[in-house]
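Q: In my numbering, the protein residues as written are -8 to 438. For reference, the structure I am asking about is given below.
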């Protein structure tokens, strides 16, 4: 049955209506006693979270603070036209029209950002060639497209990326790929095949993926005492090569996913799937042993160092630059890897919630908000069954990381929100599409 879709004019009218949510007094939340915005910088607990002890309300959150304003990354009419034409499976139906609009707008940004099949991280300086191979761009894109049934496009883009950005030795053609991203790429292949099948990408993608898997197996074999792999944790901190927990957690998940995928496809991988699965299990055991040895058993000790090596203990989740990176990426990726038992995963979440790690659910980074890796935290919350915290972070993101009117999602916004701090980037825009699929009402949540 053919599904009717809004015209571009209807879409633009509905978009204008949805984003015209009147802002409440900036210093007032639900009629509570006014709070000095300057105190938010020093706050350890999220002041918005305290106002929603139960399920948060998106309309209320949209009215808490002035919406972020700045220039769109692309022509809003062109984005609206692309969004209106999208035919997703399932139909986008999250239960809130503004969230539905945000999902459509996010998906429409994929082809606007890519140059044909060639990836771009964002616009302006983020469109420079040096950023093209950034793995989270393709990881976010394939997850978002396949989650909403846009499978043919996902297959084309994934094949192109694997053929053009994976070198003969399995390394990624990018200036600072993290070890975790190698594992995430293997898991992305697993997700795409599970959701959409193998047509259009597997035949050519098998060998590049196999080279990635073999690289990770070789790194594990050479890991030495303790068994953890040392590597780059994040492009910005590529000089800080150490044995990071999030890196090893994602190597575990990536190799597990690769073993499962190769079994399903009966693939002629270099290393047999049962061997890959065994090595992944052994690395998981070693990583958990190291986490427990690093993090004191006292449940009141909030600081989990991101790595085995000694680190400076911060006063709060953003107390040092290293702590900020831990809060914004290393902890969330450790959560999303799924290797932590529930007790430890809950402790990580509690550390973020009680030691200055978020504001209105968004991620704090030093003196601003930075949400492009937020999906990793959201996935961790979902796995723990923390639906209300999941919704608060998702609602805060769509309300304030997206600009009012055209809904461009900037990599960073000011704290308190209201202005762009860094330019648009596609992984930040796609957070909404990836997360909202879990709460869509017309189909079961995706994995």
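Note that beta-carbon positions come from the ideal geometry of N, C-alpha and C, so glycine has one too.
#1: Given 8 Å as the limit, is there contact between the stretch 211 to 220 and the stretch 305 to 313, that is, 3 or more CB pairs closer than that?
#2: So, helix, strand or coil for residue 394, using DSSP?
#3: Could you spell out the range, first to last residue, of the alpha helix (DSSP H) harbouring residue 338?
#4: Run through DSSP, which three-state label would residue 355 get?
#5: Restricting to runs no shorter than 3 residues, where is the beta strand (DSSP E) found entirely within the stretch 360 to 405?
#6: Ends of the beta strand (DSSP E) at residue 411?
#7: Within its chain, find whatever has a CB closer than 6 Å to the CB of residue 434; leave out the 5 residues flanking it on each side and keep chain order.
#8: Can you check DSSP and say which residues form a bridge with residue 350?
#9: At what residues does the alpha helix (DSSP H) containing residue 299 begin and finish?
#10: If you run the structure through DSSP and keep just helix, strand and coil, what is residue 165?
#11: From the DSSP output, which residues share a beta bridge with residue 109?
#12: Pull up the distance between the alpha-carbon of residue 38 and that of residue 350, whole angstroms please.
#13: Between the C-alpha atoms of residue 125 and residue 189, what's the straight-line distance to the nearest angstrom?
#14: So, are the CB atoms of residue 248 and residue 186 less than 7 Å apart?
#15: Ignore the nearest five residues each way along the sequence and tell me which others in residue 292's own chain have a CB closer than 8 Å to its CB.
#16: Can you look up residue 242 in the DSSP assignment and give me helix, strand or coil?
#17: Report the three-state DSSP secondary structure of residue 147 (helix, strand or coil).
#18: Starting from the Cα of residue 107, find the closest Cα among 69, 436, 147 and 70 and give me that residue.
#19: Contact check, residue 385 vs residue 360 under 8 Å by CB: the rounded distance?
#20: Taking buried to mean at least 16 other C-beta atoms within 10 Å of its own C-beta, is residue 164 buried or exposed?
#21: For residue 358 and residue 266, I'd like the C-alpha separation in whole angstroms.
#22: Kindly list the residues whose CB is nearer than 7 Å to the CB of residue 439, restricted to its own chain and excluding five residues on each side of it in sequence; keep chain order.
#23: Tell me the DSSP bridge mates of residue 60?
#24: Drop a sphere of 10 angstroms on the beta-carbon of residue 41, count the other beta-carbons inside from all chains shown, and report buried for 16 or more, exposed for fewer.
#25: Residue 31: which of 420, 405, 244 and 160 sits nearest, CA to CA?
#26: Kindly indicate which three-state DSSP category residue 34 falls into: helix, strand or coil?
#27: Considering only residues of the same chain and omitting the five flanking positions on each side of residue 103, which have a CB-CB separation below 8 Å?
#28: Using DSSP with H/G/I as helix, E/B as strand and the rest coil, what is residue 249?
#29: Leaving out five residues on either side along the sequence, give the residues of the same chain with a beta carbon under 6 Å from the beta carbon of residue 87.
#30: Grab the span of the alpha helix (DSSP H) containing residue 260 for me, first residue to last.
#31: Sorted by chain position, which residues of the same chain lie with C-beta nearer than 8 Å to residue 208's C-beta, five sequence neighbours on each side aside?
#32: Report back the beta-carbon spacing between residue 234 and residue 300 to the nearest angstrom; my notes put them in contact at under 8 Å.
#33: Name the two residues that bound the continuous alpha helix (DSSP H) containing residue 313.
#34: Tell me whether the beta-carbon of residue 133 lies closer than 7 Å to the beta-carbon of residue 183.
A: In brief:
#1: Segments in contact, no.
#2: Here residue 394 is taken as the residue at index 403 of the chain shown, counted from 1. The answer is strand: DSSP assigns residue 394 an E or B state.
#3: One-based indexing of the chain shown puts residue 338 at position 347. Boundaries of the alpha helix (DSSP H) harbouring residue 338: 333 to 345, taken from the DSSP string.
#4: Sequence index remark: in the chain shown, residue 355 carries index 364 (1-based). Of the three classes helix, strand and coil, the one that applies to residue 355 here is strand, per DSSP.
#5: Those beta strand (DSSP E) runs which fall completely within the stretch 360 to 405 and span 3+ residues are 401 to 405.
#6: Numbered from its first residue, the chain shown carries residue 411 at position 420. In the DSSP assignment, residue 411 falls within the beta strand (DSSP E) that extends over 411 to 415.
#7: Counted from its first residue, the chain shown places residue 434 at position 443. The answer, listed in chain order, is 81.
#8: Start at 1 with the first residue of the chain shown, and residue 350 comes out as number 359. Per DSSP, 353.
#9: As a position in the chain shown, residue 299 is number 308, starting the count at 1. It is not in any alpha helix (DSSP H) - residue 299 carries neither H nor E in the DSSP assignment.
#10: Here residue 165 corresponds to residue number 174 of the chain shown, with the count starting at 1. Looking at residue 165 - three-state DSSP - the assignment turns out to be coil, as it is neither helix nor strand.
#11: Residue 109 sits at position 118 when you count from the first residue of the chain shown. For residue 109, DSSP records a beta bridge to 106.
#12: Counting from one through the chain shown, the residue named residue 38 turns up at place 47. Counting from one through the chain shown, the residue named residue 350 turns up at place 359. Distance between the alpha carbons of residue 38 and residue 350: 7 Å.
#13: Walking along the chain shown from the start, residue 125 turns up at place 134. Walking along the chain shown from the start, residue 189 turns up at place 198. Those two C-alpha atoms are separated by around 24 Å.
#14: As a first step, residue 248 must be located in the chain shown, where it is residue number 257. As a first step, residue 186 must be located in the chain shown, where it is residue number 195. Against a cut-off of 7 Å, the Cβ pair of residue 186 and residue 248 comes out as no contact.
#15: The sequence position of residue 292 within the chain shown is 301, counting from 1. Contacts found: 286.
#16: In the chain shown, the residue the question calls residue 242 occupies position 251. Per DSSP, reduced to three states, the secondary structure at residue 242 is helical.
#17: Here residue 147 is taken as the residue at index 156 of the chain shown, counted from 1. Helix at residue 147.
#18: The count along the chain shown starts at 1 and reaches residue 107 at position 116. Among 69, 436, 147 and 70, the Cα nearest to that of residue 107 is on 147.
#19: The count along the chain shown starts at 1 and reaches residue 385 at position 394. The count along the chain shown starts at 1 and reaches residue 360 at position 369. In fact, because the Cβ distance is near 14 Å, the residues do not count as touching under 8 Å.
#20: Sequence index remark: in the chain shown, residue 164 carries index 173 (1-based). Residue 164 comes out exposed.
#21: For this step, residue 358 is matched to residue 367 along the chain shown. For this step, residue 266 is matched to residue 275 along the chain shown. Going by C-alpha positions, residue 358 is about 46 Å away from residue 266.
#22: Look at the range of the chain in this structure, -8 to 438, and you will see that residue 439 is not part of it.
#23: Position 69 of the chain shown, counted from the first residue, corresponds to residue 60. Answer is 410, bridged to residue 60.
#24: Taking the first residue of the chain shown as 1, we reach residue 41 at position 50. Exposed is the call here.
#25: Here the question's residue 31 lines up with position 40 in the chain shown. Out of 420, 405, 244 and 160, the CA that lies nearest to the CA of residue 31 is found in 405.
#26: By 1-based counting over the chain shown, the position of residue 34 is 43. Three-state DSSP puts residue 34 in coil, outside helix and strand.
#27: By 1-based counting over the chain shown, the position of residue 103 is 112. Only 64, 65, 69, 70 and 73 meet the Cβ criterion.
#28: Here the question's residue 249 lines up with position 258 in the chain shown. Secondary structure of residue 249 (DSSP, three-state): helix.
#29: Within the chain shown, the letter at position 96 stands for residue 87. So the qualifying residues of the chain are 49.
#30: Along the chain shown, read from residue 1 onward, the residue named residue 260 stands at position 269. Unbroken run through residue 260: none, as it is neither H nor E.
#31: As a first step, residue 208 must be located in the chain shown, where it is residue number 217. The answer, listed in chain order, is 246, 262, 267 and 270.
#32: Start at 1 with the first residue of the chain shown, and residue 234 comes out as number 243. Start at 1 with the first residue of the chain shown, and residue 300 comes out as number 309. About 7 Å separates the two Cβ atoms, so the contact holds.
#33: The count along the chain shown starts at 1 and reaches residue 313 at position 322. Looking at the DSSP string, the run of the alpha helix (DSSP H) that includes residue 313 is 312 to 316.
#34: Numbered from its first residue, the chain shown carries residue 133 at position 142. Numbered from its first residue, the chain shown carries residue 183 at position 192. At the C-beta level, residue 133 and residue 183 come within 7 Å of one another.
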